[in-house]
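Residue numbers (the numbering used here), protein chains in the order written: chain A, 1 to 419; chain B, 420 to 838.
We put the beta carbon where it would ideally sit given N, CA and C, even for glycine.
Number of protein chains: 2
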Amino acid sequence: MASNTGNPGETRPIIVQKYGGSSVADAEKISTIARKICDRAETGVSMVVVVSAMGDSTDELIDLANAVSGDHPPAARELDTLLSTGELVTSTLMAMAITATGHPAVSLSGQQAGIRTDKTHGSARIADIRADRLRRELDQGRICVVAGFQGLSDNDDVTTLGRGGSDTTAVALGVALKADQCEIYTDVDGIYTTDPRLVPTARKLAEIGYDEMLEMASLGAKMNPRSIELGAVYDVPILVASTFEDVPGTLIHGGDYMMEVRRAVTGVAIDRDVSKITVRAVEDRPGVVGQIFVPLAEAGVSVDVIVQNASLEGLTDVTFTVSGGDFERALALTKEICSEMAQDVAGNRGLAKMSIVGTGMQNGPGYAATMFAALSKAGVNIEMITTSEIRITCVIDAEHIGEAANALHNAFELDQAGD
Amino acid sequence: MASNTGNPGETRPIIVQKYGGSSVADAEKISTIARKICDRAETGVSMVVVVSAMGDSTDELIDLANAVSGDHPPAARELDTLLSTGELVTSTLMAMAITATGHPAVSLSGQQAGIRTDKTHGSARIADIRADRLRRELDQGRICVVAGFQGLSDNDDVTTLGRGGSDTTAVALGVALKADQCEIYTDVDGIYTTDPRLVPTARKLAEIGYDEMLEMASLGAKMNPRSIELGAVYDVPILVASTFEDVPGTLIHGGDYMMEVRRAVTGVAIDRDVSKITVRAVEDRPGVVGQIFVPLAEAGVSVDVIVQNASLEGLTDVTFTVSGGDFERALALTKEICSEMAQDVAGNRGLAKMSIVGTGMQNGPGYAATMFAALSKAGVNIEMITTSEIRITCVIDAEHIGEAANALHNAFELDQAGD
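Written out as structure tokens, the structure is:
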């Protein structure tokens with residue numbers, strides 16, 4: 001829904017922008033962005049701006065929380081309110097800076113922006129957006145600066161949306177306001193075919209489909225997968241672009257109006273922080289896998305790739321990956337769970353996931369073969385394989401990330417624009 | 420009202436404590452105070468703890484606000500939300516520290532504590548306290564840590580209560596919860612007969628009446644007068660004591676159960692930051708004074724002592740004092756107002772107010788005479804005089820504060836306990 005201009009019947013398009021922590025790291029950067037926002041508003045659009053906490057301020061708050069908590073982990077409810085202050089600081093400063101530049105502006109906390117969530121402190125999910133106040137402020141010609149990353153639960157407690165939560169705030173507000181576009185400004189200038197630090201010929205994509213971006217985001221690209229999912233479900237186009245460099249970014253949108261000629265493989269996603277846990281010689285009967293994974297899920301361990309080997313004499317091996325941060329806890333828990341039902345539990349750190357992603361893959365054969373051949377030729381051993389309709393993932397030793405990324409980028413000719 | 424212990428019919432006394440910014444300046448101090456709070460809770464009382472922002476954090480936020488605002492003063496609404504984050508940080512950290520020490524605790528923002536205010540951003544007044552949630556948390560055995568200095572207006576915007584606002588939060592919560600005592604912990608260890616830095620024989624008072632403390636607080640003592648007023652109206656005893664030193668503080672309470680034998684003069688209050696504006700030869704007819712002071716009030720200038728000299732040939736001189744911070748603005752505005760109705764407007768900085776305060780003065784004569792004689796003997800010239808029922812104030816040159824304070828302290832024998 002476009003916002004009212006005050007003149008009956010006349011409406012303006014709505015743009016939601018999001019600026020990350022490095023973009024608003026100090027007063028000078030905030031003032032610079034405020035000018036850009038005002039320039040954009042002058043083109044006749046209604047603006048909602050979502051901001052993250054300034055620079056390292058979130059880490060400083062976490063340090064304080066750990067300092068006062070001693071051996072106890074800080075309560076998630078308290079940590080949420082504490083961390084939410086970082087975004088409140090940025091949102092009020094940005095509203096002041098925009099006002100100083102000459103455009104009326106108002107800051108809104110997550111609560112004031114009507115963002116209601118479930119009660120999962122630390123990684124709450126948005127349940128509802130009550131956007132009345134936002135609409136009222138927009139209709140009065142104000143730029144609304146919303147504190148990202150935060151919402152309010154039905155207990156009237158502040159919640160946070162987890163890592164990358166401000167992206168989710170921005171896209172969710174875009175959905176609620178039926179915005180014309182959601183723009184994520186960051187310290188990278190778009191989505192690349194793979195990590196340009198590893199592969200010098202990596203190419204910036206002008207556009208990418210929601211599904212492909214979702215796979216890329218889940219697999220290491222610096223965007224919150226939930227925000228992409230939201231954009232996809234409600235068809236809000238998302239532009240990823242550089243905050244300070246004036247160069248074209250990457251537009252994430254529905255596949256039906258892709259202008260670039262499609263190729264089968266769009267990019268190579270890299271996830272560096274992978275660990276593997278193998279449960280050996282577990283009894284191969286219904287329900288056994290559940291006995292392992294239900295307690296892990298209840299303990300909040302996010303299990304990623306799961307591979308079960310073919311059964312041998314009624315016994316089977318189950319291997320799964322978890323992120324490096326969860327590794328110690330997951331390993332201890334798995335050993336405890338499997339102490340009587342498996343022969344052995346072993347763990348490995350220092351792995352990585354290399355994935356090729358592309359909507360086109362679902363219609364053509366041979367992509368897996370090409371991927372395995374390229375990795376083999378580069379001397380990279382594959383430890384695990386998993387696939388989705390538009391993705392093939394290999395788990396490899398993290399030491400070989402560079403060779404693997406270059407080999408795959410070359411094998412699928414990602415340095416060349418689609419022809 | 421005492422809080423429920425969970426056992427029907429059994430209740431515990433309620434204590435409200437407040438810790439100022441220097442008491443919670445770093446993680447270590449917060450942990451130290453958390454232990455003291457837990458020890459106190461173990462004695463079987465229900466505890467509400469009000470905290471200020473850590474150390475200089477408020478000043479740092481104000482610097483940021485000025486940096487992004489350029490020549491414009493930051494909008495008061497935005498500044499209020501910005502500054503309120505300082506107390507949110509302390510309240511969540513304190514709740515974590517108390518929990519780590521072993522007692523269940525919960526932080527509450529001003530809003531969550533039900534503190535509703537009017538819409539005067541920057542110096543809002545508490546309109547109502549909806550203490551349901553506080554009572555619920557106390558009944559569940561939690562220590563409630565409330566972010567001081569802040570509330571919520573009917574617009575659902577965060578407001579702040581002005582300088583010393585956390586004192587007001589504490590006493591107002593004490594009133595709402597019918598607390599047994601409100602305790603203000605700070606970097607001084609009580610209320611003295613006068614400033615001990617000026618008068619070495621200054622003596623700490625064991626107790627003081629609300630009225631006397633209100634005069635002392637209005638006249639330079641480091642407490643928020645509004646908090647004293649609230650305590651007086653609802654008869655909540657207020658203890659002022661040192662955070663880290665374990666020495667007796669001063670109890671502010673109703674006069675009827677004063678244990679110390681009363682003397683006429685309780686203390687000498689000193690206000691250092693006084694300026695004087697004199698309007699000469701203004702027409703002496705009804706309404707003239709209003710023409711001067713109504714515009715000053717509308718401009719937010721707080722006028723203090725006002726003296727009007729006897730009329731001479733239909734003309735009169737009006738002199739009034741303002742705080743040093745308001746001086747330039749007040750002088751310019753008064754010149755503008757009086758350009759056609761007075762002969763001349765003159766201003767003086769560098770003055771101070773010396774006041775003797777004591778409930779006993781209302782029943783006895785001669786205190787003014789003793790005061791004037793003591794100042795005269797000390798060579799201190801009196802520029803203006805004003806009195807209330809329990810106070811006599813002289814405006815003097817700030818250079819003579821030391822001599823004046825010692826002279827008055829001696830003249831009224833304040834170095835000796837009441838006999």
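Asked                                                                                                                                        : Found
Residue 574 of chain B classed as buried or exposed, judged by whether at least 16 other C-beta atoms fall within 10 angstroms               : exposed
N-terminal and C-terminal residue of the beta strand (DSSP E) that residue 597 of chain B is part of                                         : Counting along the chain, residue 597 of chain B falls outside any beta strand (DSSP E), and DSSP gives it neither H nor E.
Partners in chain A for residue 515 of chain B, counting only beta-carbon separations shorter than 7 Å                                       : 65, 68, 69, 74, 75, 78
Close-in-space but distant-in-sequence residues of the same chain around residue 180 of chain A (CB under 7 Å, 5 per side omitted)           : 13, 14, 15
Residue range of the unbroken alpha helix (DSSP H) whose run includes residue 795 of chain B                                                 : 786 to 796
Proximity of residue 764 of chain B and residue 698 of chain B at Cβ, strictly below 9 Å                                                     : yes
Beta strand (DSSP E) runs wholly inside the region 108 to 146 of chain A, at least 3 long, in chain order                                    : 115 to 117, 126 to 129
Cβ of residue 17 of chain A within 9 Å of any chain B Cβ                                                                                     : no
Any C-beta of chain A under 9 Å from that of residue 507 of chain B                                                                          : yes
Secondary structure of residue 283 of chain A, DSSP reduced to three states                                                                  : strand
Minimum Cβ-Cβ distance from residue 469 of chain B to chain A less than 9 Å                                                                  : no
Chain-order list of residues whose beta-carbon lies under 6 Å from that of residue 754 of chain B (same chain, five-residue window excluded) : 764
Euclidean distance between Cα positions of residue 56 of chain A and residue 149 of chain A                                                  : 15 Å
Cross-chain neighbours of residue 792 of chain B in chain A, by beta carbon under 7 Å                                                        : The contacting residues do not exist; residue 792 of chain B stays about 54 Å from chain A at best.
Of the listed residues A:283, A:399, A:32, A:86, nearest to residue 147 of chain A (C-alpha basis)                                           : A:86
Residue 613 of chain B beta carbon less than 9 Å from that of residue 686 of chain B                                                         : yes
Closest residue to residue 272 of chain A among A:400, A:98, A:36 (Cα-Cα distance)                                                           : A:400
Beta-bridge partners of residue 437 of chain B, as assigned by DSSP                                                                          : B:469, B:603
Neighbour flag for residue 275 of chain A against chain B, beta carbons, 9 Å                                                                 : no
Rounded straight-line distance, which links the Cα of residue 183 of chain A to that of residue 40 of chain A                                : 12 Å
Which of helix, strand or coil DSSP assigns to residue 825 of chain B                                                                        : helix
Any C-beta of chain A under 9 Å from that of residue 579 of chain B                                                                          : no
Residue nearest to residue 124 of chain A in terms of C-alpha spacing, selected from A:91, A:133, A:106, A:79                                : A:79
Contact under 9 Å by Cβ, residue 23 of chain A with residue 167 of chain A                                                                   : no
Beta-bridge partners of residue 665 of chain B, as assigned by DSSP                                                                          : Answer by DSSP bridge pairing: none, since residue 665 of chain B is not bridged.
contact_flag[the region 89 to 108 of chain A, the region 135 to 146 of chain A] where n(CB pairs < 8 Å) is 3 or more                         : yes
Residue 269 of chain A - DSSP class collapsed to helix/strand/coil                                                                           : strand
Test: residue 28 of chain A CB closer than 9 Å to a CB of chain B                                                                            : yes
Meets three-Cβ-pair contact criterion under 8 Å: the region 646 to 659 of chain B and the region 590 to 597 of chain B                       : yes
Interface flag, residue 565 of chain B vs chain A, CB-CB below 9 Å                                                                           : no
Minimum Cβ-Cβ distance from residue 112 of chain A to chain B less than 9 Å                                                                  : yes
Classification of residue 299 of chain A by the beta-carbon crowding that lies within 10 angstroms, buried from 16 upward                    : exposed
C-beta atoms of residue 133 of chain A and residue 116 of chain A nearer than 9 Å                                                            : no
Under 9 Å between C-beta atoms of residue 483 of chain B and residue 89 of chain A                                                           : yes
Reduced DSSP secondary structure (H/G/I, E/B, other) of residue 718 of chain B                                                               : coil
Residue interval of the alpha helix (DSSP H) (run including residue 40 of chain A)                                                           : 27 to 42
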